[in-house]
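Numbered according to the working numbering, the sequence shown terminates at residue 1848, and the numbering increases by one at each position without gaps.
Quick reminder that beta carbons are idealized off the backbone N, C-alpha and C, glycines included.
This report concerns only the one structure given below.
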Amino acid sequence: MVHLNHREYFQDPTNHIHVPSPPAAPHPATLDIAADLSFPFGKIDGLDRDDLRMTAYEIFFTACRSSPGFGARTAVTFYQSEGREHGTPGSPGSPRHGGVGMAVTSRTKKALGLKMLKRTPSTRRSSSCGSNPFSPTGFSNNHNNGSNGISPRASFSTLPTHGKIRRPMTSAEIMRQQMKVSEGSDNRLRKTIMRTLVGQTGRRPDTIILPLELLRQLKPSEFSSSNEYHIWQKRQLKILEAGLLDHPSIPLDKSNNFAVRLREIIHRGDTKPIDTNKSSETMRAICNCVVSLSWRTANGSPTDVCHWADGYPFNVHLYVALLRSIFDPKDETCVLDEVDELLELMKKTWSTLGITRPIHNLCFTWVLFEQYVMTGQIENDLLSASLTMLAEVANDAKKADRQPVYMEMLAAVLNSMKTWSEKQLLDYHESFNKGTVGLMENILPMVFSATKILEEDVPAYKRVAIDRSEEASDHTGNRVDLYIRSSLKNAFVKMLDNGNRINGSMSLQEASEKLIQLAKETEELAIREKGLFSSMLKKWHPISAGVAAVTLHTCYGNLLRQFLAANSMISNETVAVLQRANKLEKVLVNMVVEDSVECEDGGKTVVREMVPYEVDAIVLRYLRQWIQDCLKKAKDVVQTAKDTETWNPKSKSEPYAQSAVELMKQTKDAIDSFFDIPIGVSEDLVREFADAIEQILQDYTTFVASCGSKQSYIPTLPPLTRCGRDSKFIKLWRMAAPCSVVNNEVGCEEGNYSRPSTSRGTQRLYIRLNTLHYILSQLQSFEKSLALSPRIILSPKNRLGGSRAGGSYFEQTRSAIQSVTQHVSEVAAYRLIFLDSNSVFYGSLYMGDVENSRITPAVKIMKHNLTLLTAIVTDRAQPIAMKEVMKATFEAYLTVLLAGGSPRSFTRADHRMIEEDLRNLKRVFVTGGEGLIVEDVVDREAEAVEGVVALMGQATEQLVEEFRSLVCEASGVLVTGGAGQKLPMPPTTGKWSSTDPNTILRVLCHRNDSAANYFLKKTFQLPKRK
823 MVHLNHREYF
833 QDPTNHIHVP
843 SPPAAPHPAT
853 LDIAADLSFP
863 FGKIDGLDRD
873 DLRMTAYEIF
883 FTACRSSPGF
893 GARTAVTFYQ
903 SEGREHGTPG
913 SPGSPRHGGV
923 GMAVTSRTKK
933 ALGLKMLKRT
943 PSTRRSSSCG
953 SNPFSPTGFS
963 NNHNNGSNGI
973 SPRASFSTLP
983 THGKIRRPMT
993 SAEIMRQQMK
1003 VSEGSDNRLR
1013 KTIMRTLVGQ
1023 TGRRPDTIIL
1033 PLELLRQLKP
1043 SEFSSSNEYH
1053 IWQKRQLKIL
1063 EAGLLDHPSI
1073 PLDKSNNFAV
1083 RLREIIHRGD
1093 TKPIDTNKSS
1103 ETMRAICNCV
1113 VSLSWRTANG
1123 SPTDVCHWAD
1133 GYPFNVHLYV
1143 ALLRSIFDPK
1153 DETCVLDEVD
1163 ELLELMKKTW
1173 STLGITRPIH
1183 NLCFTWVLFE
1193 QYVMTGQIEN
1203 DLLSASLTML
1213 AEVANDAKKA
1223 DRQPVYMEML
1233 AAVLNSMKTW
1243 SEKQLLDYHE
1253 SFNKGTVGLM
1263 ENILPMVFSA
1273 TKILEEDVPA
1283 YKRVAIDRSE
1293 EASDHTGNRV
1303 DLYIRSSLKN
1313 AFVKMLDNGN
1323 RINGSMSLQE
1333 ASEKLIQLAK
1343 ETEELAIREK
1353 GLFSSMLKKW
1363 HPISAGVAAV
1373 TLHTCYGNLL
1383 RQFLAANSMI
1393 SNETVAVLQR
1403 ANKLEKVLVN
1413 MVVEDSVECE
1423 DGGKTVVREM
1433 VPYEVDAIVL
1443 RYLRQWIQDC
1453 LKKAKDVVQT
1463 AKDTETWNPK
1473 SKSEPYAQSA
1483 VELMKQTKDA
1493 IDSFFDIPIG
1503 VSEDLVREFA
1513 DAIEQILQDY
1523 TTFVASCGSK
1533 QSYIPTLPPL
1543 TRCGRDSKFI
1553 KLWRMAAPCS
1563 VVNNEVGCEE
1573 GNYSRPSTSR
1583 GTQRLYIRLN
1593 TLHYILSQLQ
1603 SFEKSLALSP
1613 RIILSPKNRL
1623 GGSRAGGSYF
1633 EQTRSAIQSV
1643 TQHVSEVAAY
1653 RLIFLDSNSV
1663 FYGSLYMGDV
1673 ENSRITPAVK
1683 IMKHNLTLLT
1693 AIVTDRAQPI
1703 AMKEVMKATF
1713 EAYLTVLLAG
1723 GSPRSFTRAD
1733 HRMIEEDLRN
1743 LKRVFVTGGE
1753 GLIVEDVVDR
1763 EAEAVEGVVA
1773 LMGQATEQLV
1783 EEFRSLVCEA
1793 SGVLVTGGAG
1803 QKLPMPPTTG
1813 KWSSTDPNTI
1823 LRVLCHRNDS
1833 AANYFLKKTF
1843 QLPKRK
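Next up, the structure:
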């Protein structure tokens, strides 16, 4: 295929109809703007734009089958016999004399202000065969193709065939070209209509359910491939689904049998073609369902109206696809000169699609506006035509007989047009230039007209404010005020992005030069605004230039204040910036004054918005800079601590980190020095100072919390296995230690249990706890100094009440310290139990058998560890630290009992010894905790352990029964009671409990008897321990 440029065409050698080449790719900016325009009628699921266009053409051709050029009278005869009507702009009316393709003038284009294309009659001509150039079929009467010289196949022809004589194109040929319909599709459509109307020549088009007739009449053999037929068939089925099921004009009950059956058939056709043979059961079902759904009425009474394509928004999608065909493919910004004839023919589809005159006017307005946007906003005539049609829409909206569907469409279309237009107006400096500023004179009235219709004629409409500062009034001046402020702000931001943005890494010299250049460009922008836009906007806003000046004044003032806040010292650069800012302020104030001469209040309202360019007091700036320098020292302490802190206390009297001591010293010095400066400070500044301190303290607290997590110390759960009596591992264990269990690190001798196992790493965690409580103890002193200083200037509210601001400046820090204390205590406890005491606890407890590996060694070590804890940890931190050790101990004990791995197995006889060990373990925290934990708390924390120990004392049969009952209850499986019943494996939750199926399963896995072994083998096929 030969590739041509945007305005070139290639000729189809089959039918001699010119087909436009693919349009050139639009500019990216055009694509972005067009993408902002939302289609107001939603999306039809399963159908794309091409599918809807093809169906629209099929409906159009069927509705126009009796018109000239579609197989009826010739074009010349038609135009000579019809009169002319007068109607609204863009409304279908009778065509002109002179024949299609030879238009001299167009009533529609004239009313809409659209220029004629002024092409010669030969521009749109088609080849004819034979001696009759006006024959729509192109066949001569000399051809013996039927009784009258014309073949039945050609009676509905829209396609000229090969010949030597060229004639004007008929409307049918124009529409086929405009709708991009292939010859094969057109031939199949004509065949379908011819076969459908055999013996029914007087049948109304709106009673023909076109997709159904196409499915009935056309067979796979009439397509080039089975895949093409399947795609075509799916489109017809999806059309039926959209028109009858998804978007019916009469509400459809979801339980309707015909609807359910039809949807099943349609979905079945997604994967493979359905059999549409007239004798097939599927086709009979389709016909029955479609006919029943199409001829429904709301009350069930008989009707002569067929509803298959008139439901919203399906009908509007199809009609819009037809209206889009009025644009010239050579220049998509132009409307065809034949638009009158085409609109008149489209009117014939109204009865099928349920279109009314108001709906047509609304759709036509949208199509004109959409085309203006999609073609890059380069044709003002399209925008003017949209505005003209909008006047017709406004008249329609006032009528008393408005339908609910029309009101829904009206709100959707106007909202979409309004939203897109306002987006351009909110950034009109980017959207328009000197050459296109005239477009604003059409866009602004369009927005105001659309807004007026919505607010006056659409009851459910709720105006969405584009900007939070927008006033509730709907006066046009307020809207223009919003557009001016928004566009100037956007233009100012773009100037910043074009190399004028100031960042913290710049030197004072660079920053001042940027700000001076920005002042110069801001002044130029103000002059451009006044000369290019303000004179036009003044029609809707009396002081448009004044509003623009105030907006720019505010934008630059914000940057100026940021610059002065970042540079506390007076310098040549600062003075230069202030001088240039003063010059800009005079220009902007002069603009406001000149533009406000004719205002009632002389522009005072606008002038009040201009906050003068004043810098904060020099002393105040010194103070803020000093605060930053002072707090930098504290920040350096935190950073140094992150690099060098070892968590070793200086002495027993100071059992906390030295970095915390230094941080508290720097903080106290900063607070004392802050109030030594002989100047009053506001409460807001004190709060700002306190917030800066709190941020540093929270940073340090986060650093203290960076000590890992308890999960890193908990051993991985071993896989579930079943006990085998006298397994190889147990035999080897007993051979290695026939008398007693030898611990790897602690040893056998009693003397080895006389010292604590707490490692240096755990002791450092204790120092972290002390550090947190040391910081907490200093906060109250800091808050008192901040709240009670005589240097604070009370706010008017507190001055009248005779009170100062609240003294709780560091509540977030307190909360963070409490949370971190809990975390560090937890990590320290798990490290102590699972790592430091592993050799006497998880590493050896109940290894081999219970009798020879009791808990006594672990209890002795635990007592020493708790004694060391109370010696290191400060009094205020001891309760939480001790409680976390108790929790970790109980969890480790449960891990031994339930996840101890192959070396551990238990019998029911072991229950008494284990129960005794648990009592001894609890006694450690009741008696050895120096009263830090009351007995009730110990009992409550040990409830889970006691429940598991109790399970170990139950008979195997009882455990199996409880396990089976819990698993079946959790999974919804019926308990059959059979020994071989298959049960689902309960998940491991990690929360051990006597009512947890997984806990009971683990007790059975560690139960060393034949009944447990048999149950686990039969139920879960668990492997036997080796």
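| message | Tell me the DSSP secondary structure of Glu1476 in three-state form. | response | As a first step, residue 1476 is located in the sequence shown; it is residue number 654 there, counting from the start. Of the three classes helix, strand and coil, the one that applies to Glu1476 here is strand, per DSSP.
| task | Give the secondary structure of Val1503 by DSSP, where H, G and I count as helix, E and B as strand, and everything else as coil. | result | Taking the first residue of the sequence shown as position 1, residue 1503 is located at position 681. In the structure shown, Val1503 sits in a strand (DSSP, three-state: E or B).
| Considering only residues of the segment 987-1072, which uninterrupted beta strand (DSSP E) runs meet the minimum length of 3 residues and lie entirely inside it, listed in chain order? | Runs found: 987-990.
| field | Where the alpha helix (DSSP H) containing His1645 begins and where it ends | value | As a working note, residue 1645 is residue 823 in the sequence shown. Unbroken alpha helix (DSSP H) run through His1645: Glu1633 to Tyr1652.
| query | With a CB to CB cut of under 8 Å and the five nearest residues on each side skipped, what residues in its chain are close to Leu1354? | reply | If you number the sequence shown from 1, residue 1354 lands on position 532. Short of 8 Å from the beta carbon of Leu1354, and not among the five residues preceding or following it, lie these beta carbons of its own chain, in chain order: Lys1256 and Val1259.
| task | Could you spell out where the alpha helix (DSSP H) holding Cys1185 opens and where it closes? | result | Taking the first residue of the sequence shown as position 1, residue 1185 is located at position 363. Per DSSP, the continuous alpha helix (DSSP H) segment holding Cys1185 begins and ends at Arg1179 to Met1196.
| Counterpart residues of Phe1157 in DSSP-defined beta bridges | Here residue 1157 is taken as the residue at index 335 of the sequence shown, counted from 1. A small correction: the amino acid at residue 1157 is Val; Phe does not occupy that position in the sequence shown. According to DSSP, Val1157 shares a beta bridge with Phe1149.
| Would you report the Cα separation of Val1649 and Met1704, rounded to the nearest angstrom? | Position 827 of the sequence shown, counted from the first residue, corresponds to residue 1649. Position 882 of the sequence shown, counted from the first residue, corresponds to residue 1704. The alpha-carbon separation between Val1649 and Met1704 amounts to approximately 12 Å.
| If you count every other CB in all the chains shown that lies within 10 Å of the CB of Arg1847, and 16 or more means buried, which is it? | Your numbering for residue 1847 matches position 1025 in the sequence shown. Buried: at least 16 other Cβ atoms inside 10 Å.
| Can Cys1452 and Ala1512 be called in contact, C-beta distance under 8 Å? | Counting from 1 along the sequence shown, the entry for residue 1452 is found at position 630. Counting from 1 along the sequence shown, the entry for residue 1512 is found at position 690. No, the pair does not count as a contact, with Cβ atoms beyond the cut-off.
| query | For Ser1206 versus Asn1137, is the C-beta spacing smaller than 8 Å? | reply | The residue given as residue 1206 occupies position 384 in the sequence shown. The residue given as residue 1137 occupies position 315 in the sequence shown. No, the pair does not count as a contact, with Cβ atoms beyond the cut-off.
| field | Counted within 10 angstroms of its Cβ, other Cβ atoms place Lys1804 as buried (16 or more) or exposed | value | The residue labelled residue 1804 in the question sits at position 982 within the sequence shown. Classification of Lys1804: exposed, given that the 10 Å Cβ count is below 16.
| said: On the DSSP letters alone, give me the boundaries of the alpha helix (DSSP H) that Gly1769 sits inside. | reply: Within the sequence shown, numbered from 1, the residue matching residue 1769 stands at position 947. That run of the alpha helix (DSSP H) goes Glu1765 to Met1774.
| said: Whether or not the segment 1270-1281 and the segment 1224-1240 are in contact is what I'm after, with contact meaning three or more pairs of Cβ atoms, one per stretch, closer than 8 Å; do they touch? | reply: Taking 8 Å as the limit for Cβ pairs, the verdict is that the segment 1270-1281 does touch the segment 1224-1240.
| said: Check whether the segment 1173-1181 and the segment 1192-1200 touch, using three or more Cβ-Cβ pairs below 8 Å as the test. | reply: Note that the segment 1173-1181 does not touch the segment 1192-1200; fewer than 3 beta-carbon pairs, one per stretch, sit closer than 8 Å.
| query | Among residues of its own chain, excluding the 5 on either side of Lys1240, which ones have a beta-carbon nearer than 7 Å to its beta-carbon? | reply | Residue mapping note: residue 1240 aligns to position 418 of the sequence shown, counting from 1. By the criterion of a C-beta distance shorter than 7 Å, Lys1240 is surrounded in its chain by Val1269, Ala1272 and Thr1273, once the five residues flanking it on both sides are discounted.
| request: From the DSSP output, in three-state form, read off Arg1544 for me. | output: If you number the sequence shown from 1, residue 1544 lands on position 722. Here DSSP, grouped into helix, strand and coil, assigns Arg1544 to strand.
| said: So, under 8 Å CB-CB, Pro1541 and Tyr1664 are touching, yes? Tell me the CB distance rounded to an integer number of Å. | reply: As a position in the sequence shown, residue 1541 is number 719, starting the count at 1. As a position in the sequence shown, residue 1664 is number 842, starting the count at 1. Between Pro1541 and Tyr1664 the beta-carbon gap is near 17 Å, outside 8 Å, which marks them as no contact.
| query | Among residues of its own chain, excluding the 5 on either side of Pro1845, which ones have a beta-carbon nearer than 7 Å to its beta-carbon? | reply | To locate residue 1845, count along the sequence shown from 1; it is residue 1023. Non-local C-beta neighbours of Pro1845 in its own chain, meaning closer than 7 Å and more than five positions away in sequence, comprise Thr1543, ordered along the chain.
| request: Return helix, strand or coil for Phe1385, following the three-state DSSP convention. | output: Here residue 1385 refers to the residue found at position 563 when the sequence shown is read from its first residue. Correct three-state label for Phe1385: helix.
| Cβ-Cβ distance between Ile1683 and Val1707 below 8 Å | Here residue 1683 is taken as the residue at index 861 of the sequence shown, counted from 1. Here residue 1707 is taken as the residue at index 885 of the sequence shown, counted from 1. In this structure, Val1707 does not lie closer than 8 Å to Ile1683 by Cβ.
| query | If we ignore side chains and look at the alpha-carbon of each, how far apart do Asp1132 and Leu1347 end up? | reply | For the purposes of this step, residue 1132 is taken as the residue at position 310 of the sequence shown. For the purposes of this step, residue 1347 is taken as the residue at position 525 of the sequence shown. One C-alpha to the other measures close to 53 Å.
| Under the three-state DSSP convention, the category Lys1813 falls into | In the sequence shown, residue 1813 corresponds to position 991, counting from 1. Three-state DSSP puts Lys1813 in coil, outside helix and strand.
| query | Which same chain residues, not among the five before or five after Tyr1596, have their C-beta less than 6 Å away from its C-beta? | reply | Reading the sequence shown from its first residue, position 774 is the one you call residue 1596. Around Tyr1596: Tyr1478 and Ala1482.
| query | Is the Cβ-Cβ distance between Pro1701 and Leu1754 less than 8 Å? | reply | The residue labelled residue 1701 in the question sits at position 879 within the sequence shown. The residue labelled residue 1754 in the question sits at position 932 within the sequence shown. A distance below 8 Å separates the beta carbons of Pro1701 and Leu1754.
| task | Flag this pair as yes or no: are the beta carbons of Ile1275 and Ala1216 separated by less than 8 Å? | result | For the purposes of this step, residue 1275 is identified with residue 453 of the sequence shown, where counting begins at 1. For the purposes of this step, residue 1216 is identified with residue 394 of the sequence shown, where counting begins at 1. Yes, the Cβ-Cβ distance between Ile1275 and Ala1216 is below 8 Å.
| query | Leaving out the 5 sequence neighbours to the left and right, which residues in its chain are closer than 7 Å to Ala1772 when beta-carbon positions are compared? | reply | Stepping through the sequence shown from its first residue, residue 1772 is reached at position 950. Result list for Ala1772: Ser1816, in chain order.
| field | Cβ pair Leu874, His1139 closer than 8 Å | value | Position 52 of the sequence shown, counted from the start, is the residue given in the question as residue 874. Position 317 of the sequence shown, counted from the start, is the residue given in the question as residue 1139. Closer than 8 Å, so yes.
| said: Considering only DSSP beta bridges, list what Ile1518 is partnered with. | reply: The count along the sequence shown starts at 1 and reaches residue 1518 at position 696. For Ile1518, DSSP records no beta bridge to any residue.
| field | DSSP three-state assignment for Phe1663, whether helix, strand or coil | value | Along the sequence shown, read from residue 1 onward, the residue named residue 1663 stands at position 841. Per DSSP, reduced to three states, the secondary structure at Phe1663 is coil, with no helix or strand assignment.
| Roughly how many angstroms separate the alpha carbons of Pro862 and Thr1821, rounded to a whole number? | Here residue 862 refers to the residue found at position 40 of the sequence shown. Here residue 1821 refers to the residue found at position 999 of the sequence shown. Each residue's Cα considered, the two are about 60 Å apart.
| message | What ranges does the alpha helix (DSSP H) occupy inside the segment 1731-1757, keeping only unbroken runs of at least 4 residues that lie completely in it? | response | For the segment 1731-1757, whole alpha helix (DSSP H) runs of length 4 or above, ordered along the chain, are 1733-1749.
| request: Specify whether the segment 1402-1419 and the segment 1457-1471 touch according to this definition: at least 3 beta carbon pairs, one from each stretch, less than 8 Å apart. | output: Cβ pair count under 8 Å is below three, so no.
| query | Within this structure, are the beta carbons of Lys1245 and Asp1008 separated by less than 8 Å? | reply | As a first step, residue 1245 is located in the sequence shown; it is residue number 423 there, counting from the start. As a first step, residue 1008 is located in the sequence shown; it is residue number 186 there, counting from the start. Cβ atoms of Lys1245 and Asp1008: not closer than 8 Å.
| message | Quick check on Arg1026: buried or exposed, where buried means 16 or more other Cβ atoms within 10 Å of its Cβ? | response | For the purposes of this step, residue 1026 is taken as residue 204 along the sequence shown, with counting starting at 1. Counting every other CB atom within 10 Å of its CB across the protein chains shown gives Arg1026 a total below 16, marking it as exposed.
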